[in-house]
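Each protein sequence line maps, in turn, to chains A and B. Going left to right, the first sequence walks through residues 1 to 224 as UniProt numbering numbers them. Going left to right, the second sequence walks through residues 1 to 257 as UniProt numbering numbers them. The beta carbon of each residue, even a glycine, is placed where N, CA and C say it ideally should be. A quick note: this is a predicted structure, and the numbers were derived from the prediction, not measured. Note sheet for the following structure.
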Amino acid sequence: MLQKMYDWIDERVDITPLWRDIADHEVPEHVNPAHHFSAFVYCFGGLTFFVTVIQVLSGMFLTMYYVPDIENAWRSVYYLQTEVAHGQIVRGMHHWGASVVIVMLFLHTLRVFFQGAYKKPRELNWMVGVLIFFVMLALGLTGYLLPWDNKAYFATVVTLQIAEGVPFIGEMAKTLLNGDPSIVGAQTLARFFAIHVFFLPAALFVLMGIHFIMIRKQGISGPL
Amino acid sequence: MKKGKGMKFVGDSRVTADKQKFIPKDYSEYPGRTEAFWPNFLLKEWLVGAVFIVGFLCLTVAHPAPLEKLADPTDTAYLPLPDWYFLFLYQLLKYKFASASYFVLGAIVIPGLAFGALFLAPFLDKGKERRPHKRPVATSLMILSFVAVFWLTYEAAAHVDWEAKAENNKPEPPSTVEIDTSHPGYAAYENSCLQCHGGELEGGPAAPSLIGIERSVDEIKDIAVNGIGNMPPDQFQGTEEELQQLAEFIVSVNEQE
Numbered sequence: 001m002l003q004k005m006y007d008w009i010d011e012r013v014d015i016t017p018l019w020r021d022i023a024d025h026e027v028p029e030h031v032n033p034a035h036h037f038s039a040f041v042y043c044f045g046g047l048t049f050f051v052t053v054i055q056v057l058s059g060m061f062l063t064m065y066y067v068p069d070i071e072n073a074w075r076s077v078y079y080l081q082t083e084v085a086h087g088q089i090v091r092g093m094h095h096w097g098a099s100v101v102i103v104m105l106f107l108h109t110l111r112v113f114f115q116g117a118y119k120k121p122r123e124l125n126w127m128v129g130v131l132i133f134f135v136m137l138a139l140g141l142t143g144y145l146l147p148w149d150n151k152a153y154f155a156t157v158v159t160l161q162i163a164e165g166v167p168f169i170g171e172m173a174k175t176l177l178n179g180d181p182s183i184v185g186a187q188t189l190a191r192f193f194a195i196h197v198f199f200l201p202a203a204l205f206v207l208m209g210i211h212f213i214m215i216r217k218q219g220i221s222g223p224l
Numbered sequence: 001m002k003k004g005k006g007m008k009f010v011g012d013s014r015v016t017a018d019k020q021k022f023i024p025k026d027y028s029e030y031p032g033r034t035e036a037f038w039p040n041f042l043l044k045e046w047l048v049g050a051v052f053i054v055g056f057l058c059l060t061v062a063h064p065a066p067l068e069k070l071a072d073p074t075d076t077a078y079l080p081l082p083d084w085y086f087l088f089l090y091q092l093l094k095y096k097f098a099s100a101s102y103f104v105l106g107a108i109v110i111p112g113l114a115f116g117a118l119f120l121a122p123f124l125d126k127g128k129e130r131r132p133h134k135r136p137v138a139t140s141l142m143i144l145s146f147v148a149v150f151w152l153t154y155e156a157a158a159h160v161d162w163e164a165k166a167e168n169n170k171p172e173p174p175s176t177v178e179i180d181t182s183h184p185g186y187a188a189y190e191n192s193c194l195q196c197h198g199g200e201l202e203g204g205p206a207a208p209s210l211i212g213i214e215r216s217v218d219e220i221k222d223i224a225v226n227g228i229g230n231m232p233p234d235q236f237q238g239t240e241e242e243l244q245q246l247a248e249f250i251v252s253v254n255e256q257e
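This is the structure we're talking about:
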């Protein structure tokens, strides 16, 4: 039945090459923890992706309750936390996932660095990876504001002051993020929400796509 | 890829009609003990993922995500802190060589050099050698940066009383009462009580909230005139009728609960 469905689709859109790229490949011995336990260091990249998936899914569920305006943002998070069934768990997953994904990304970066896996021909993939790291940090920064509680508000004020201190473009960068040259308020929350939910995830998905396609093209770096 | 004359397509599409069998590459092409990704290795990854998510869910259940009070821009005593992974930058900006007139050095130049070097690592470390001890400069710089980031984070976090900070900023349930400003007692409230007890009876630094109290009209009248605890007497100014309306107003707000 499944095979027939597969063949029916394959005849029309030729998905076999796609399937091969995703699933039909060999896992070399030196990255397989079943053969060498120390190869668990190769798990960090995959776990980063796994936590990213958790972040995307839990974030999608959070937007079912979250209201991005200064009157209701905190109230909606409080309501989610106290009244909604499993709301605390979903928000907890998103909150802790944000930390765990940074830890995993950090460990993955250290693994690649110390193994010298960024050397020719993988220079471009390393740079894409560092960009993913920056996007993740930016996601953490913008997401921190959204509950609109004291720590969110004051951390954002400090962040914007730092942005303002950048020579030449500081003022413009601050206004771009803040929505206003001086007031941290309704506009700021709306902008951070848009950046956190639309702009940065879009950038993240593009970069992750490039990252994975390049891994598939180049293969995992060989043993040391 | 096959191309040229004689190829058959499905309908008028670009999908080729003559299918080749779905044959995985031969294992012998790869050195060592390889394993097929699908389904053998994926099953193991699945198991690792399952163990990981169980641990992760235990963390979220044991430590609910923190939420502080609703943002209050007038709270000047609040100590702003970023999330833990930005603490090292926050700490760097506290040092004399990286703040005030050296702000650009601390906020832009140092982090810019560090992250720029990370981004361009493949072009700074171009040698063929991959093993860490064969490229001492790259390895020692990374270890040094790691220690610096770790130490800065520790310095930033160690001087904060996290428990007291959480305790002082506990979320307060949002008030669900509506203040009926057309109530006859509201004018008296505005004149005599609002300054300390707040526009929505929410209380303030000098006086407690008047929401959620369980006092009768007579008790409230007595407190308004004679005071209670830290509240001095004779706070109420007005007629006996206004006093009655005031007490009824406060009770009516509390009855909404």
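Which class does residue i belong to by DSSP, given the choice of helix, strand or coil?
i                        : result
glutamate 178 (chain B)  : coil
aspartate 218 (chain B)  : helix
leucine 120 (chain B)    : coil
alanine 194 (chain A)    : helix
valine 54 (chain B)      : helix
residue 262 (chain B)    : With chain B covering 1 to 257 only, the question about residue 262 (chain B) has no answer from this structure.
aspartate 149 (chain A)  : strand
isoleucine 102 (chain A) : helix
methionine 127 (chain A) : helix
residue 251 (chain A)    : Residue 251 (chain A) cannot be examined here, being either before or after the span of chain A that is shown, 1 to 224.
methionine 208 (chain A) : helix
methionine 1 (chain A)   : coil
residue 273 (chain B)    : Not covered by the structure: residue 273 (chain B). The range shown for chain B is 1 to 257.
isoleucine 213 (chain A) : helix
methionine 64 (chain A)  : coil
residue 235 (chain A)    : This structure leaves residue 235 (chain A) out entirely; chain A is present only between 1 and 224.
isoleucine 9 (chain A)   : helix
isoleucine 228 (chain B) : strand
isoleucine 143 (chain B) : helix
arginine 111 (chain A)   : helix
threonine 239 (chain B)  : coil
glutamine 256 (chain B)  : coil
valine 160 (chain B)     : coil
threonine 76 (chain B)   : coil
lysine 120 (chain A)     : coil
valine 84 (chain A)      : coil
glycine 49 (chain B)     : helix
Indicate whether residue i and residue j have their beta-carbon atoms separated by less than 8 Å.
i                          : j                        : result
phenylalanine 50 (chain A) : proline 132 (chain B)    : no
phenylalanine 44 (chain A) : methionine 104 (chain A) : yes
glycine 97 (chain A)       : isoleucine 54 (chain A)  : yes
isoleucine 213 (chain B)   : alanine 247 (chain B)    : no
glutamine 235 (chain B)    : glycine 227 (chain B)    : yes
residue 296 (chain A)      : leucine 67 (chain B)     : No statement about residue 296 (chain A) is possible, as the shown extent of chain A runs from 1 to 224 and does not include it.
residue 293 (chain A)      : alanine 121 (chain B)    : The structure shown does not extend to residue 293 (chain A), since chain A is modelled only from 1 through 224, so no value can be given for it.
leucine 160 (chain A)      : alanine 152 (chain A)    : no
leucine 200 (chain A)      : threonine 109 (chain A)  : no
valine 101 (chain A)       : threonine 63 (chain A)   : no
Note down the Cα distance separating residue i from residue j, rounded to an integer number of angstroms.
i                           : j                           : result
valine 112 (chain A)        : proline 39 (chain B)        : 26 Å
tyrosine 186 (chain B)      : threonine 176 (chain B)     : 18 Å
arginine 91 (chain A)       : leucine 207 (chain A)       : 26 Å
alanine 155 (chain A)       : aspartate 161 (chain B)     : 17 Å
leucine 224 (chain A)       : lysine 128 (chain B)        : 12 Å
glycine 129 (chain A)       : leucine 57 (chain B)        : 27 Å
phenylalanine 123 (chain B) : isoleucine 108 (chain B)    : 22 Å
glutamate 29 (chain A)      : serine 38 (chain A)         : 12 Å
methionine 136 (chain A)    : glycine 165 (chain A)       : 23 Å
proline 184 (chain B)       : leucine 81 (chain B)        : 46 Å
glutamate 202 (chain B)     : alanine 85 (chain A)        : 29 Å
methionine 214 (chain A)    : methionine 60 (chain A)     : 28 Å
alanine 186 (chain A)       : valine 13 (chain A)         : 48 Å
alanine 36 (chain B)        : arginine 216 (chain A)      : 14 Å
alanine 188 (chain B)       : tyrosine 85 (chain B)       : 52 Å
tryptophan 58 (chain A)     : threonine 188 (chain A)     : It should be noted that the sequence gives serine, not tryptophan, for residue 58 (chain A). Straight-line Cα distance between these residues: approximately 23 Å.
threonine 175 (chain A)     : leucine 2 (chain A)         : 55 Å
aspartate 24 (chain A)      : glycine 209 (chain A)       : 18 Å
valine 157 (chain A)        : aspartate 180 (chain B)     : 35 Å
proline 232 (chain B)       : alanine 206 (chain B)       : 11 Å
aspartate 7 (chain A)       : leucine 131 (chain A)       : 39 Å
aspartate 222 (chain B)     : phenylalanine 249 (chain B) : 15 Å
For residue i, write down the residues that DSSP places opposite it in a beta bridge.
i                         : result
methionine 93 (chain A)   : According to DSSP, methionine 93 (chain A) bridges with nothing at all.
leucine 70 (chain B)      : A:Asp149
phenylalanine 9 (chain B) : B:Thr16
For the ligand GTP, any of its heavy atoms closer than 7 Å to the Cβ of residue i?
i                    : result
alanine 17 (chain B) : Annotation note on the ligand GTP: not contained in the displayed structure, which lists no ligands.
Runs of 4 residues minimum, wholly inside the region 185-215 of chain B: which ones carry the alpha helix (DSSP H) assignment? 194-197
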